[in-house]
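Asks:
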Amino acid sequence: MVNESPDARPRRRLRPTRRGKIVLVVAALLVVSAAVLIPLALLGTGDKQERPQSTLVIPEGWRASQVYAAVDRALGLKSGSTRRTASTVDLALPDQAGGNPEGYLFPATYPLDSSTEPAALLRYMADTARKRFGADHITAGAQRHNVTVYETATIASIVQAEADTASDMGKVARVVYNRLLKDMPLQMDSTINYALKRSTLDTTTVDTQLDSPYNSYVRKGLPPTPIGNPGEEALRAAISPTPGPWLYFVTVAPGDTRFTDSYDEQLKNVEEFNRNRRSATTG
91 MVNESPDARP
101 RRRLRPTRRG
111 KIVLVVAALL
121 VVSAAVLIPL
131 ALLGTGDKQE
141 RPQSTLVIPE
151 GWRASQVYAA
161 VDRALGLKSG
171 STRRTASTVD
181 LALPDQAGGN
191 PEGYLFPATY
201 PLDSSTEPAA
211 LLRYMADTAR
221 KRFGADHITA
231 GAQRHNVTVY
241 ETATIASIVQ
251 AEADTASDMG
261 KVARVVYNRL
271 LKDMPLQMDS
281 TINYALKRST
291 LDTTTVDTQL
301 DSPYNSYVRK
311 GLPPTPIGNP
321 GEEALRAAIS
331 PTPGPWLYFV
341 TVAPGDTRFT
351 DSYDEQLKNV
361 EEFNRNRRSA
371 TTG
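Using the working numbering, the first residue of the sequence shown is number 91, and each one after it goes up by one.
1. Less than 7 Å between the beta carbons of Ala216 and Leu181, yes or no?
2. Quick one: using the 10 Å Cβ neighbour count with 16 as the cut-off for buried, is His235 buried or exposed?
3. Spell out a yes or no on whether the segment 260-268 and the segment 295-310 are touching, meaning 3 or more CB-CB pairs, one atom from each, closer than 8 Å.
4. When you compare the CB positions of Gln250 and Pro303, do they come within less than 7 Å of one another, or not?
5. What residue does the beta strand (DSSP E) around Leu202 start on, and which one ends it?
6. Report yes or no: do three or more beta-carbon pairs, one from the segment 215-229 and one from the segment 318-334, lie closer than 8 Å?
7. Considering only the alpha carbon of each residue, which of Arg348, Ala343 and Thr350 lies closest to Pro370?
8. To the nearest whole angstrom, what separates the beta carbons of Thr244 and Pro316, a pair I think is in contact under 8 Å?
9. Do Ser257 and Gly318 have their CB atoms nearer than 7 Å?
10. Under three-state DSSP, which class holds Ser144?
11. Contact between the segment 186-195 and the segment 145-165 is defined here as three or more beta-carbon pairs at a separation below 8 Å; is this criterion met?
12. Helix, strand or coil for Tyr338? Go by DSSP, reduced to three states.
13. In angstroms with no decimal places, state the Cα-to-Cα distance between Glu241 and Ala160.
14. Asp354 and Leu337 - do their beta-carbons sit closer together than 7 Å?
15. Buried or exposed, going by whether 16 or more other CB atoms sit within 10 Å of the CB of Thr372?
16. In whole angstroms, give me the CA-to-CA distance for Asp346 and Asp292.
17. Decide if Asp254 is buried, meaning its Cβ has at least 16 other Cβ atoms within 10 Å, or exposed.
18. Is the CB-CB distance between Gly260 and Pro331 below 7 Å?
19. Between the segment 141-150 and the segment 273-280, do at least 3 Cβ pairs fall closer than 8 Å?
20. Which residues in the same chain have their Cβ closer than 6 Å to the Cβ of Pro208, if we skip the five residues on either side of it in sequence?
21. With DSSP as the reference, identify every bridge partner of Arg348, one or two as the case may be.
22. What residue range does the alpha helix (DSSP H) around His227 cover?
23. Can you tell which of Ile228, Asn364 and Thr281 has the C-alpha that lies nearest to the C-alpha of Glu252?
24. Hey, how far is the Cα of Pro333 from the Cα of Ala327?
25. Rounded to the nearest angstrom, what separates Thr341 and Asp203 at their Cα positions?
26. Using the Cα positions of Phe339 and Gln356, report the straight-line distance between them to the nearest angstrom.
27. Count the other C-beta atoms from every protein chain shown that fall within 10 angstroms of the C-beta of Ser289, then say buried if there are 16 or more, exposed otherwise.
28. Check Thr332 in the structure and name its three-state DSSP category.
Rendered as C-alpha cells:
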C-alpha cells in the first residue's frame, strides 16, 4: 500500500499513522502533569518507615529503557543497574509477556526515600499496572473486542505512541481494530521505531523491510509486546474506541490529524503533510 523507493533516504510513507511529537522525551514533558500520584509511603526494604524525600515521575508512553534510566538517575545508581534488576526480579507478569515488563511499568508519580531500591520500585510499578489492567471495565472492554488484557495493553501502547492529541486516541484505537479485523498489517511507524530503539518522523523503505517481530509493515497482527507504558487515557481508548470506518490517518500539521477509510484521500493528506514538512525545512 506504499510507494516503494529504491534507496534508503527518509521519505513520507503512505501509512495509517503519524503522531506529531518528534521524540518521546518531548512527549514526556507534556504529560508529566497528568501522571497519577501513587500514595506509597515506602518503596524500600527496611523496617523503619520514612517520609518520602523526593518523587520519580514516569510519564505516559515511556519505554522500559527510559524507565530504567530514570530509576538509575533518581536513586543514584550506576547506569544499567535497574535494567539488570528487571531481568532477575519477579514482577508477576502475565504469561504472554514472556518476562518482558514493557507495558507494565505503570506511568505515575512514585515517592522515593533513602531506602528505596529498584527491585521494590519495579515491583510496585508492575503491581500498579496489574491492578489497573485488571479493573472490571478493562477486562470487559477486552472481552468486547475479543482480545486479551495483555493485548489491550499492547493496543493502548500503540495508541499512546501514535496519537497526536488525547482527543485523537479513540480514533487511533479504532484504526488498529479496523485493520486487525480486515487482516491488514498495522503499518505503524511506532512499532519500527521501537525495534530500532529510536523515535523519528521518517520511515524509509529499508526500515519497512526490517527483520523484526515489531515490524508491523510486513507482519500482521499486534507486536509481541507493548511498545511502551500506556496511561489511563490510552487504555480507555483501547477499550472504548471511537466508532468509525477509518483505516488511515496522518497528522498534516500540529493539531490537524486526518482520519479516513479512503486510500485516495490518504494520498492527498500525505502530500499535504509533505508540503508542510518541506516548507518548515526550507523556511
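Glycine included, C-beta positions come from ideal geometry on N, C-alpha and C.
Predicted model only: the values in this text are computed from it and were never measured.
Replies: Considering the structure as presented:
1. For the purposes of this step, residue 216 is taken as the residue at position 126 of the sequence shown. For the purposes of this step, residue 181 is taken as the residue at position 91 of the sequence shown. Yes; because the gap between Cβ atoms is below 7 Å, this pair is in contact.
2. Locating residue 235 in the sequence shown gives position 145, counting from the first residue. So His235 ends up on the buried side.
3. no
4. Residue 250 sits at position 160 when you count from the first residue of the sequence shown. Residue 303 sits at position 213 when you count from the first residue of the sequence shown. Cβ atoms of Gln250 and Pro303: not closer than 7 Å.
5. For the purposes of this step, residue 202 is identified with residue 112 of the sequence shown, where counting begins at 1. Run containing Leu202: Ala198 to Leu202, per the beta strand (DSSP E) assignment.
6. yes
7. Along the sequence shown, read from residue 1 onward, the residue named residue 370 stands at position 280. Going by the sequence as given, residue 370 is Ala instead of Pro. Ranking the options by Cα distance to Ala370, first place goes to Ala343.
8. Reading the sequence shown from its first residue, position 154 is the one you call residue 244. Reading the sequence shown from its first residue, position 226 is the one you call residue 316. Confirmed, about 5 Å.
9. Locating residue 257 in the sequence shown gives position 167, counting from the first residue. Locating residue 318 in the sequence shown gives position 228, counting from the first residue. No, these two residues do not count as a Cβ contact at 7 Å.
10. Residue numbering aside, residue 144 sits at position 54 when the sequence shown is read from its first letter. It is a strand residue.
11. yes
12. Your numbering for residue 338 matches position 248 in the sequence shown. Tyr338 falls in the strand class under three-state DSSP.
13. Reading the sequence shown from its first residue, position 151 is the one you call residue 241. Reading the sequence shown from its first residue, position 70 is the one you call residue 160. Taking the straight line joining both Cα atoms gives about 26 Å.
14. Numbered from its first residue, the sequence shown carries residue 337 at position 247. Numbered from its first residue, the sequence shown carries residue 354 at position 264. No; because the gap between Cβ atoms is not below 7 Å, this pair is not in contact.
15. Within the sequence shown, residue 372 is the residue found at index 282, counting from 1. It counts as exposed.
16. Counting from one through the sequence shown, the residue named residue 346 turns up at place 256. Counting from one through the sequence shown, the residue named residue 292 turns up at place 202. C-alpha separation (whole angstroms): 18 Å.
17. For the purposes of this step, residue 254 is taken as the residue at position 164 of the sequence shown. With 16 or more Cβ atoms within 10 Å of its Cβ, Asp254 is classed as buried.
18. Translated into positions along the sequence shown, residue 260 becomes position 170. Translated into positions along the sequence shown, residue 331 becomes position 241. Yes, Cβ-Cβ distance for Gly260 and Pro331 is below 7 Å.
19. no
20. Locating residue 208 in the sequence shown gives position 118, counting from the first residue. Around Pro208: Val161, Thr172 and Thr175.
21. For the purposes of this step, residue 348 is taken as the residue at position 258 of the sequence shown. BP columns for Arg348 point to Val340.
22. By one-based count along the sequence shown, residue 227 stands at place 137. Looking at the DSSP string, the run of the alpha helix (DSSP H) that includes His227 is Asp226 to Arg234.
23. Stepping through the sequence shown from its first residue, residue 252 is reached at position 162. Among Ile228, Asn364 and Thr281, the Cα nearest to that of Glu252 is on Thr281.
24. What you label residue 333 is simply residue 243 of the sequence shown in a count that begins at 1. What you label residue 327 is simply residue 237 of the sequence shown in a count that begins at 1. Approximately 11 Å, taken between the alpha carbons.
25. Taking the sequence shown and counting its residues from 1, the one referred to as residue 341 is at position 251. Taking the sequence shown and counting its residues from 1, the one referred to as residue 203 is at position 113. If you take the alpha carbons of Thr341 and Asp203, they lie about 42 Å apart.
26. Here residue 339 corresponds to residue number 249 of the sequence shown, with the count starting at 1. Here residue 356 corresponds to residue number 266 of the sequence shown, with the count starting at 1. Whole-angstrom Cα-Cα distance: 7 Å.
27. Reading the sequence shown from its first residue, position 199 is the one you call residue 289. Result: buried.
28. Taking the first residue of the sequence shown as position 1, residue 332 is located at position 242. The answer is coil: DSSP assigns Thr332 none of H, G, I, E or B.
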